[in-house]
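Asks: Throughout the sequence shown, residue numbering follows UniProt numbering, covering 6 to 444 in sequence.
Built from N, CA and C at the ideal position, the CB exists for glycine as well.
Structure incoming, see below.
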Amino acid sequence: IWDEVLKEASYKLNEQEINTWLKPLSIAELRGDIVTISVPNRFYKTWVEDKYLTLIKNIFNITLSIEADIELVIKNQTKKKNNNIQASSPTYHININNHNSNINKQYTFDTFVVGGSNQFSHAACMAVGEGFFHTYNPLFIYGGVGLGKTHLMHAVGNKLIQSYPKLKILYISSENFTNEMIYSLKTKSMDDFRGKYRSIDVLLFDDVQFLAGKERSTEEFFYTFNSLYDSQKQIIITCDKTPNEIPTMEDRLKSRFAWGLIADIQAPSNEEKTAILMKRAELMNLELSEEVALFIAENLKSDNIRELIGALIRLSAFASFHNEELSIELAKRSLDKFLIKKDRALNPEVIIDTVTSFFNIKPTELKSKKRTKSISYPRQICMYILREKLNISLQEVGEYFGGRDHATVLHSIKNIENKIKTDNELKELVNVIYKKLYS
Ligand code: ADP
Ligand code: MG
Numbered sequence: 006i007w008d009e010v011l012k013e014a015s016y017k018l019n020e021q022e023i024n025t026w027l028k029p030l031s032i033a034e035l036r037g038d039i040v041t042i043s044v045p046n047r048f049y050k051t052w053v054e055d056k057y058l059t060l061i062k063n064i065f066n067i068t069l070s071i072e073a074d075i076e077l078v079i080k081n082q083t084k085k086k087n088n089n090i091q092a093s094s095p096t097y098h099i100n101i102n103n104h105n106s107n108i109n110k111q112y113t114f115d116t117f118v119v120g121g122s123n124q125f126s127h128a129a130c131m132a133v134g135e136g137f138f139h140t141y142n143p144l145f146i147y148g149g150v151g152l153g154k155t156h157l158m159h160a161v162g163n164k165l166i167q168s169y170p171k172l173k174i175l176y177i178s179s180e181n182f183t184n185e186m187i188y189s190l191k192t193k194s195m196d197d198f199r200g201k202y203r204s205i206d207v208l209l210f211d212d213v214q215f216l217a218g219k220e221r222s223t224e225e226f227f228y229t230f231n232s233l234y235d236s237q238k239q240i241i242i243t244c245d246k247t248p249n250e251i252p253t254m255e256d257r258l259k260s261r262f263a264w265g266l267i268a269d270i271q272a273p274s275n276e277e278k279t280a281i282l283m284k285r286a287e288l289m290n291l292e293l294s295e296e297v298a299l300f301i302a303e304n305l306k307s308d309n310i311r312e313l314i315g316a317l318i319r320l321s322a323f324a325s326f327h328n329e330e331l332s333i334e335l336a337k338r339s340l341d342k343f344l345i346k347k348d349r350a351l352n353p354e355v356i357i358d359t360v361t362s363f364f365n366i367k368p369t370e371l372k373s374k375k376r377t378k379s380i381s382y383p384r385q386i387c388m389y390i391l392r393e394k395l396n397i398s399l400q401e402v403g404e405y406f407g408g409r410d411h412a413t414v415l416h417s418i419k420n421i422e423n424k425i426k427t428d429n430e431l432k433e434l435v436n437v438i439y440k441k442l443y444s
């Protein structure tokens with residue numbers, strides 16, 4: 006787990022800070038709502054408390070979804086000695102000595118699971134990664150939070166570094182671009198800033214949506230874009246929406262985004278989520294069965310892959326702490342509040358209750374032989390819904406209505422089926438009932 010914390014921290018801190026201050030720490034105990042971290046000495050304790058505690062806490066709470074307080078203890082004063090809680094995930098390292106330093110080495114094509122939801126973007130990125138530069142330029146990738154956009158960009162970077170070590174590749178988020186620009190304005194070093202951005206071969210520009218509304222940085226990005234594009238350099242841009250959906254983004258920039266290829270990433274299916282979990286478990290040396298992976302994939306509330314992986318890390322933390330295997334039962338316990346609460350089970354009684362209370366009639370009336378329209382119409386609708394939602398046999402449906410035979414039931418259901426095709430009011434009405442069924 007500590008490795009995961011270090012990895013997350015590496016997005017916020019530089020390598021030296023991590024090596025000096027965070028690497029020497031370890032998790033001593035993980036219990037309920039307290040994470041105890043052991044630090045080498047007093048000096049560390051004060052320093053870490055002052056400077057990094059908030060960050061560490063945020064990583065635990067937000068990224069790893071472990072809602073806990075952090076307690077620092079000095080190593081030899083730890084009550085229990087370091088147990089084997091640390092997951093053996095690969096260590097994270099960045100190379101700060103060359104211009105490709107801000108490419109995250111862990112985000113490669115090898116660790117990226119391809120499926121229907123992302124294959125288009127993946128294929129386009131692969132092509133750029135293999136050095137086909139002018140085909141998809143700019144390459145604009147859009148998709149929701151945590152669906153792998155940043156991962157793909159770094160994967161392109163990593164692949165290019167391997168085959169073309171001389172290439173100058175720069176990964177930057179629009180936020181950091183803005184920060185750098187503001188700094189350069191303050192220190193009157195805009196020439197350096199422009200020089201830097203216009204001398205690169207491949208620009209990986211992440212989360213362009215954050216430029217929206219920021220006139221000065223949008224303008225600066227516009228010039229950077231033009232200059233690179235004119236000299237036939239490759240540009241990849243990511244965004245959480247399509248160019249046209251970005252509010253207050255200049256039209257001239259939007260239209261440029263459409264010059265190349267626009268590719269999307271959709272939310273993953275349960276099968277893809279399962280595959281991603283299996284892959285991640287393999288990278289973390291965890292023994293995860295497909296059954297448990299599928300359980301998490303199907304039951305986690307969110308489609309965000311970062312949260313999906315967070316759930317796995319949380320589960321593995323629980324497993325090593327309690328010295329248990331990764332099981333569905335443990336997943337239920339450890340992930341409880343992140344899991345979808347299954348809908349109140351739909352059954353015939355619930356449906357009949359909902360329909361009768363909607364039409365303000367009594368269930369007994371529905372079951373009676375009454376044929377007035379105010380009763381027979383709701384009755385038909387109810388039969389239709391039973392059949393639609395529960396897919397039970399005609400005969401069984403009939404049994405809920407005072408033993409009507411299956412021909413009568415079929416006739417009623419067909420009647421509603423036909424009407425619903427043309428009658429918008431009826432359609433709307435049935436939809437309202439559906440909503441009530443699930444509320
Ligand atoms: P985004 O930039 O779209 O918000 P990220 O690229 O940061 O999302 O992905 C979030 C997390 O999910 C990362 O840890 C990333 O490695 C992982 N991830 C996303 N998509 C995949 C995938 N297809 N296969 C494996 N891991 C993935
Ligand atoms: Mg991202």
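(1) By a C-beta neighbour count over all protein chains shown, 10 Å radius and 16 as the cutoff for buried, is L190 buried or exposed?
(2) Who are the Cβ neighbours of R338 in its own chain at under 6 Å, not counting the five residues just before and after it?
(3) By DSSP, does Q167 sit in helix, in strand, or in coil?
(4) Tell me the rounded alpha-carbon separation between N429 and I397.
(5) Between which two residues does the alpha helix (DSSP H) holding Q239 run?
(6) When burial is assigned at 16 or more other CB atoms within 10 Å of the CB, is R47 buried or exposed?
(7) Specify whether the region 416–426 and the region 377–387 touch according to this definition: at least 3 beta carbon pairs, one from each stretch, less than 8 Å apart.
(8) Report the three-state DSSP secondary structure of R36 (helix, strand or coil).
(9) Looking at the ligand ADP, does it come within less than 8 Å of E277, judged from the CB to the closest heavy atom?
(10) List the endpoints of the continuous alpha helix (DSSP H) containing L335.
(11) Along the chain, where does the beta strand (DSSP E) containing S178 start, and where does it finish?
(12) Helix, strand or coil: which one does DSSP assign to I397?
(13) According to the neighbour-count rule (16 or more other Cβ atoms, all chains shown, within 10 Å of its Cβ), is I407 buried or exposed?
(14) Check whether the Cβ of D211 lies closer than 8 Å to any heavy atom of the ligand MG, and answer yes or no.
(15) For T140, tell me which candidate among G265, Y16 and R409 has the shortest Cα-Cα distance.
(16) I think L340 touches A302, with their Cβ atoms under 8 Å apart; what is that distance to the nearest whole Å?
(17) Counting pairs of beta carbons, one from the region 126–137 and one from the region 181–196, are three or more of them closer than 8 Å?
(18) Inspect the beta-carbon positions of L165 and V133 and report whether they are closer than 9 Å.
(19) Could you tell me which residues DSSP puts in a beta bridge with A268?
(20) Just to confirm the assignment, what range does the alpha helix (DSSP H) spanning F227 have?
(21) Under 7 Å Cβ to Cβ from H156, same chain only, skipping five residues before and after it: list those, please.
(22) Whole beta strand (DSSP E) runs in the region 17–61 with 3 or more residues, listed along the chain?
(23) Just the Cα atoms here: how many angstroms apart are A128 and I242?
(24) May I have the straight-line CA-CA distance separating I267 from G149, to the nearest angstrom?
(25) Does the region 288–306 come within contact of the region 52–63, defined as at least 3 CB pairs closer than 8 Å?
(26) T223 to I6, Cα distance in whole Å?
(27) Where do the ends of the beta strand (DSSP E) carrying E76 lie?
(28) One question on the structure: do K80 and V44 come within less than 9 Å of each other, judged by their Cβ atoms?
(29) Per DSSP, what kind of secondary structure is L293 in: helix, strand or coil?
(30) Does DSSP put L209 in a helix, a strand or coil?
(31) Any heavy atom of the ligand MG inside 8 Å of the beta-carbon of K17?
(32) Leaving aside the five residues before and after F363 along the sequence, list all residues of the same chain whose C-beta is less than 7 Å from its C-beta, in chain order.
(33) Just to confirm, are M158 and D211 a CB contact at a threshold of 9 Å?
(34) Classify L442 as helix, strand or coil using the three-state DSSP reduction.
(35) Can you tell me which of T253, R257, T247 and I314 puts its alpha carbon nearest to the alpha carbon of T279?
(36) Please report the straight-line C-alpha distance between D8 and S168, rounded to a whole angstrom.
Replies: Quick look at the numbers:
(1) Along the sequence shown, read from residue 1 onward, the residue named residue 190 stands at position 185. The C-beta of L190 has fewer than 16 other C-beta atoms within 10 Å across all chains shown, which makes the residue exposed.
(2) By 1-based counting over the sequence shown, the position of residue 338 is 333. Listed in chain order, the non-local C-beta contacts of R338 below 6 Å within the same chain number zero, local neighbours out to five positions each way being set aside.
(3) Against the sequence shown, residue 167 aligns to sequence position 162. When secondary structure is reduced to three states using DSSP, Q167 falls in the helix class.
(4) Position 424 of the sequence shown, counted from the start, is the residue given in the question as residue 429. Position 392 of the sequence shown, counted from the start, is the residue given in the question as residue 397. Each residue's alpha carbon lies about 26 Å from the other.
(5) Residue mapping note: residue 239 aligns to position 234 of the sequence shown, counting from 1. Note, Q239: premise wrong, no alpha helix (DSSP H); beta strand (DSSP E) at Q239 to C244.
(6) By one-based count along the sequence shown, residue 47 stands at place 42. Exposed, by the Cβ-count rule.
(7) As far as the Cβ criterion goes, the region 416–426 touches the region 377–387, which means the pair count is three or higher.
(8) Locating residue 36 in the sequence shown gives position 31, where the first residue counts as 1. Residue state, collapsed to three classes: strand.
(9) On the sequence shown, residue 277 is found 272 positions in, with the first residue counted as 1. The answer is yes for E277.
(10) Against the sequence shown, residue 335 aligns to sequence position 330. For L335, the enclosing alpha helix (DSSP H) covers residues I333 to L340.
(11) Here residue 178 refers to the residue found at position 173 of the sequence shown. Counting along the chain, the beta strand (DSSP E) containing S178 begins and ends at I174 to S178.
(12) Residue 397 sits at position 392 when you count from the first residue of the sequence shown. Three-state DSSP puts I397 in coil, outside helix and strand.
(13) Taking the first residue of the sequence shown as position 1, residue 407 is located at position 402. According to the sequence displayed, residue 407 carries Gly and not Ile. Result: exposed.
(14) Taking the sequence shown and counting its residues from 1, the one referred to as residue 211 is at position 206. Annotation for D211 indicates a beta carbon within 8 Å of some heavy atom of the ligand MG.
(15) Counting from 1 along the sequence shown, the entry for residue 140 is found at position 135. Out of G265, Y16 and R409, the CA that lies nearest to the CA of T140 is found in G265.
(16) Counting from 1 along the sequence shown, the entry for residue 340 is found at position 335. Counting from 1 along the sequence shown, the entry for residue 302 is found at position 297. The pair is not a contact, with the Cβ atoms about 12 Å apart (cut-off 8 Å).
(17) No, because fewer than three Cβ pairs between the region 126–137 and the region 181–196 fall closer than 8 Å, the two stretches do not touch.
(18) As a first step, residue 165 is located in the sequence shown; it is residue number 160 there, counting from the start. As a first step, residue 133 is located in the sequence shown; it is residue number 128 there, counting from the start. L165 places its beta carbon less than 9 Å from that of V133.
(19) Locating residue 268 in the sequence shown gives position 263, where the first residue counts as 1. For A268, DSSP records a beta bridge to I146.
(20) Residue numbering aside, residue 227 sits at position 222 when the sequence shown is read from its first letter. Looking at the DSSP string, the run of the alpha helix (DSSP H) that includes F227 is E220 to D235.
(21) As a first step, residue 156 must be located in the sequence shown, where it is residue number 151. Sequence-distant Cβ neighbours of H156 in its own chain, meaning closer than 7 Å and more than five residues away, are Y112 and F117.
(22) Scanning the region 17–61 for uninterrupted beta strand (DSSP E) segments of 3 residues or longer gives 31–36 and 39–44, listed from N- to C-terminal end.
(23) Locating residue 128 in the sequence shown gives position 123, counting from the first residue. Locating residue 242 in the sequence shown gives position 237, counting from the first residue. Near 15 Å, if we compare the C-alpha coordinates of I242 and A128.
(24) Locating residue 267 in the sequence shown gives position 262, where the first residue counts as 1. Locating residue 149 in the sequence shown gives position 144, where the first residue counts as 1. One alpha carbon belongs to I267, the other to G149, and they sit about 15 Å apart.
(25) In short, these stretches do not touch, since the Cβ pair count stays below three.
(26) Translated into positions along the sequence shown, residue 223 becomes position 218. Translated into positions along the sequence shown, residue 6 becomes position 1. T223 and I6 have their C-alpha atoms some 39 Å from each other.
(27) For this step, residue 76 is matched to residue 71 along the sequence shown. Boundaries of the beta strand (DSSP E) around E76: D74 to I79.
(28) Translated into the one-based positions of the sequence shown, residue 80 becomes position 75. Translated into the one-based positions of the sequence shown, residue 44 becomes position 39. Inclusion of K80 and V44 in the CB contact set at 9 Å is warranted, their separation being smaller than that value.
(29) Taking the sequence shown and counting its residues from 1, one reaches residue 293 at position 288. When DSSP states are grouped into helix, strand and coil, L293 belongs to the coil group.
(30) Numbered from 1 along the sequence shown, position 204 holds the residue referred to as residue 209. Three-state result, L209: strand.
(31) Counted from its first residue, the sequence shown places residue 17 at position 12. K17: no, Cβ never under 8 Å from the ligand MG.
(32) Taking the first residue of the sequence shown as 1, we reach residue 363 at position 358. Closer than 7 Å at Cβ, skipping near neighbours: I438 and K441.
(33) Here residue 158 refers to the residue found at position 153 when the sequence shown is read from its first residue. Here residue 211 refers to the residue found at position 206 when the sequence shown is read from its first residue. Against a cut-off of 9 Å, the Cβ pair of D211 and M158 comes out as a contact.
(34) The residue you call residue 442 lines up with position 437 of the sequence shown. Residue state, collapsed to three classes: helix.
(35) Within the sequence shown, residue 279 is the residue found at index 274, counting from 1. Ranking the options by Cα distance to T279, first place goes to I314.
(36) Translated into the one-based positions of the sequence shown, residue 8 becomes position 3. Translated into the one-based positions of the sequence shown, residue 168 becomes position 163. Going from the Cα of D8 to the Cα of S168 covers about 29 Å.
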